[in-house]
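In my numbering, the protein residues as written are -1 to 420.
All residues carry an ideal CB built from backbone N, CA and C; glycine is no exception.
In what follows, a single structure is set out as structure tokens and then discussed.
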RNA sequence: GUGAGCGUAGCUCAGCUGGUGGUAGCUCCGGAUUGUGGCUCCGGUGGUCGUGGGUUCAAGUCCCAUCGCUCACCCCA
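Shown next as structure tokens:
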């Protein structure tokens, strides 16, 4: 084969797609229960939208975006995350005036030019939620409970870690305390030396045991946030308790995007290779205003769909399989004609029906029916046509019954429907 | 961007210190005294050994380059 898919871009083929459908159906059902509305937004935006929202000095903006010039020269970018686009749409469509609190979700592909590895692709998919127009801590807890419920209903487990990053009033004080501490720290690893300059908060997340040892005495952001942020965090924890969602506070947790304020959280697992987060999010009060919209608070999260799929595929039998209802076995030209019409009528009546159009042997067709794992086979050959009875076989228990052939296939199909769907 | 490992049928892989790639397994197709299934048995389809150079009498095997994949670092969903 000459042309292959791009590095980090994957086809989701039959056999894999069922897992994806299960994930999406489960999530949509839960979004509905929380009364969220779906929003669909473009995957291509003006570059400055992401630069403004995600932050100029983040890795995503600095080196991971698919950015290129449009024919007229303007700079376009394939979205690396969903929040910016959804907020842009919220502002552009004046959604704040339609509902004081907008609860939105969207599902789709994101693009980041990174080196692919387990759980990380260049085109990946997220389901994401954005709640705009409220900063009640109980909303934060409810959002986390929603993410938690999705995992639970998928049959997965992960740990919820939460933190508060403070607000634009109190974070600078913490940054200063942290920089003072880091200035005095010795023998930091190369990565930490670099991060100390680019993103001091991230230093605390270092995996080096030696660094971590020193950071035990590092200032904790939770000791530096202002009273209002502390109260908020306290109320968020109370909310999680009320909803019986287990969590752990991780004051070292940092998010990769600049816009987060106050509550941040991650759903982590150790079953994804080097990747740990299946979902993550946080509050971003001020971001909507920063993008030119009304000054409304917001909170959201995203879940990585290939990571969810990876976890589900590790658990045998965790994805329900939908098998066809009926295999119409037709032997000989006369039966084939009848079966052909009946199969279509059955589909119109609501049955998932298949048939072998090549008129192969009974044995062969039964073999196909077995492989397709259909629930029933309707067997119809010359004998059946002549005596007006076809054989309906329950494939699971091998019980057979004779049923009358109805010349009106539409009526026959509805009769079959009631026999097959119980 | 950095590092390591790996490229032999659609998939999973044998192939030793170079000496003619395997009736290989799975899938797929056909058949097993011609009207009853996922198992079993038999047969069949299917390969530029990633690509290009080099060494050699001889390269799937050794060397170089290149492309691709995988995993990890970084970072993140």
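Within a 10 Å sphere around the beta-carbon of residue 318 sit fewer than 16 other beta-carbons, which makes this residue exposed. Under the three-state reduction of DSSP, residue 115 is assigned to strand. Bridge pairing for residue 324: 351, 374 [DSSP]. Rounded to the nearest whole angstrom, the C-alpha separation of residue 349 and residue 31 is 28 Å. In this structure, residue 158 sits away from residue 262, with a CB-CB distance that is not shorter than 8 Å. Assignment of residue 363 by DSSP, reduced to helix, strand and coil, places it in the helix class.
Residue state for residue 100 is assigned as strand, using DSSP reduced to three classes. Residue 209 places its beta carbon less than 8 Å from that of residue 190.
Sequence-distant Cβ neighbours of residue 281 in its own chain, meaning closer than 6 Å and more than five residues away, are 259, 260, 261, 297.
Out of 106, 85, 278, the CA that lies nearest to the CA of residue 143 is found in 278. DSSP places residue 129 in the strand class (E or B) of the three-state scheme.
Per DSSP, residue 264 is one residue of the beta strand (DSSP E) stretching across 259 to 266. Around the beta carbon of residue 15, fewer than 16 other beta carbons sit within 10 angstroms, so the residue counts as exposed. Non-local C-beta neighbours of residue 377 in its own chain, meaning closer than 7 Å and more than five positions away in sequence, comprise 327, 388, 389, 391, ordered along the chain.
Under the DSSP assignment, residue 303 falls in the alpha helix (DSSP H) whose first and last residues are 303 to 311. Secondary structure at residue 156: coil, using DSSP grouped into helix, strand and coil. Per the DSSP secondary-structure output, residue 123 pairs in a beta bridge with 107.
Check the Cα spacing between residue 198 and each of 24, 177, 322: the tightest is with 177. The beta carbon of residue 76 lies closer than 7 Å to those of 41, 42, 64, 109 in the same chain, with the five residues before and after it left out. One alpha carbon belongs to residue 368, the other to residue 393, and they sit about 8 Å apart.
Apart from the 5 residues on each side of it in sequence, residue 400 sits with its Cβ closer than 7 Å to the Cβ of 387, 389 in its chain, given in chain order.
A straight line joining the alpha-carbon of residue 202 with that of residue 10 spans about 37 Å.
Per DSSP, residue 389 is one residue of the beta strand (DSSP E) stretching across 387 to 392. Here residue 76 is bridged, per DSSP, to 42, 64. Inter-residue distance for residue 416 and residue 409 is about 11 Å (C-alpha atoms, whole angstroms). Around the beta carbon of residue 91, a 10 Å sphere encloses fewer than 16 other beta carbons of the protein chains shown; the residue is thus reported as exposed. A residue is called buried when at least 16 other Cβ atoms come within 10 angstroms of its Cβ; residue 181 does not meet this threshold and is exposed.
Residues 135 of the same chain have their beta carbon placed closer than 6 Å to that of residue 233, with the five preceding and five following residues left out of the count.
Excluding five sequence positions before and after residue 404, the CB atoms of its chain that fall closer than 8 Å to its own CB belong to 410, 413, given in chain order. In the DSSP assignment, residue 401 falls within the beta strand (DSSP E) that extends over 398 to 402. For residue 223, the three-state secondary structure derived from DSSP is coil.
With 16 or more other Cβ atoms inside 10 Å of its own Cβ, residue 172 counts as buried. Around the C-beta of residue 287, fewer than 16 other C-beta atoms lie within 10 Å, and the residue is accordingly described as exposed.
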